[in-house]
Amino acid sequence: ATVYVEVGQLIDWATVPAPVVQQLYFPYLDGPRWIQAVVGEDPLTTFGAYGPAVDALFRRPPQSTSQILHPEKYLANVQPQPVELPELASVLGDDWHVLRRQVMGELEHRRLLGRYLPQDDADAGAAGWAGNRLVVLVNGADELASVSATRWDDADAAGAFVAAYRQWAAARDDAKLVWAEAGRLIWEAPDGALLLEQRGDLTVLINSPTVAIAEALADRARAGRLAAVVPSPLRALACWRPLRQGACPW
Numbered sequence: 018a019t020v021y022v023e024v025g026q027l028i029d030w031a032t033v034p035a036p037v038v039q040q041l042y043f044p045y046l047d048g049p050r051w052i053q054a055v056v057g058e059d060p061l062t063t064f065g066a067y068g069p070a071v072d073a074l075f076r077r078p079p080q081s082t083s084q085i086l087h088p089e090k091y092l093a094n095v096q097p098q099p100v101e102l103p104e105l106a107s108v109l110g111d112d113w114h115v116l117r118r119q120v121m122g123e124l125e126h127r128r129l130l131g132r133y134l135p136q137d138d139a140d141a142g143a144a145g146w147a148g149n150r151l152v153v154l155v156n157g158a159d160e161l162a163s164v165s166a167t168r169w170d171d172a173d174a175a176g177a178f179v180a181a182y183r184q185w186a187a188a189r190d191d192a193k194l195v196w197a198e199a200g201r202l203i204w205e206a207p208d209g210a211l212l213l214e215q216r217g218d219l220t221v222l223i224n225s226p227t228v229a230i231a232e233a234l235a236d237r238a239r240a241g242r243l244a245a246v247v248p249s250p251l252r253a254l255a256c257w258r259p260l261r262q263g264a265c266p267w
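In this text, residue positions in the sequence shown follow the working numbering: the first is 18, and each later residue adds one.
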């Protein structure tokens, strides 16, 4: 006889990271809450469905996870702000090219912070999301580098994300803060370098194989135009450490 087993019974949910569970259940938990917040309970039919009341939502669907997490933004027609990054690959050399471009929404920022922070702290750190652009680059050795530029509601919201990310990095235990000046933070970790920079209501978060590459990308993102990259003392040191020779992009 055929035996049917619920997939959920085969999964040890205690071993599944909270951000993964959040992503899986987001449409089923936050979706209905969003509909109720926008449409209300009055249009519910006797069968517990909204029926025609949701037609308007299909004609004007939410444009971001931020609008779903904060229904008041949808009701006020607060749209995601466009964020653009300059051309990045050439600053690293001919071996690098863009793998993909996408948007990292508020939900994804929550998931990122939620890997090492309590969920309430992760939610608070990502709450001021206003727009994003993420670019992922790859080289011939299949090394990856990502640059995520996020616009926040204001400088305070950007600062809240930076504070949360610093707590996130500290909670990792394997990320060492090696630079913290002029609004730029850099960590070294076993899987590469992490760089976070705040400029007013904008943050730039970079993951890359080396500190030198992270700083080159941050400088290009800041300049917003083709410009010579002047190596800082930290970048020069990072390049000429043992096993790092030849890693500099200048």
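Idealized CB from N, CA, C, for every residue including glycine.
- Only buried fits residue 238, as 16 or more other CB atoms lie within 10 angstroms of its CB.
- For residue 162, DSSP records a beta bridge to 154.
- Residue 205 is positioned such that its CB atom lies closer than 8 Å to that of residue 228.
- Comparing alpha carbon positions, the residue from 74, 82, 31, 71 closest to residue 44 is 82.
- Under the three-state reduction of DSSP output, residue 212 falls in the strand class.
- In this structure, the CA atom of residue 193 is about 11 Å from the CA atom of residue 209.
- For residue 114, the enclosing beta strand (DSSP E) begins and ends at 113-119.
- Here the C-alpha atom of residue 153 lies approximately 14 Å from the C-alpha atom of residue 211.
- In the displayed model, residue 28 falls within coil according to three-state DSSP, outside both helix and strand.
- Residue environment analysis places residue 91 among the buried positions, since at least 16 neighbouring C-beta atoms fall within 10 angstroms of its C-beta.
- If you ignore the 5 residues before and after residue 145, its C-beta comes within less than 8 Å of the C-beta of 169, 170, 171, 173, 174, 175, 177, 178, all in its own chain and listed in chain order.
- Shown here, residue 131 sits in a helix according to DSSP, grouped into three states.
- Close CB contacts of residue 106 within its chain, under the 8 Å cut and outside five residues either way in sequence, are with 113, 114, 115, 154 (chain order).
- As computed with DSSP, residue 81 is found in no beta bridge at all.
- The alpha carbon of residue 98 has as its nearest neighbour, out of 182, 121, 39, 183, the alpha carbon of 121.
- According to the DSSP secondary-structure assignment, residue 197 is paired through a beta bridge with 202.
- Following the DSSP letters along the chain, one finds residue 228 in no beta strand (DSSP E) but inside the alpha helix (DSSP H) bounded by residues 228-240.
- In the DSSP secondary-structure assignment, residue 222 is bridged to 165, 213.
- Here the alpha carbons of residue 111 and residue 47 stand approximately 44 Å from one another.
- Taking a C-beta distance under 8 Å as the contact criterion, residue 200 and residue 216 qualify as a contact pair.
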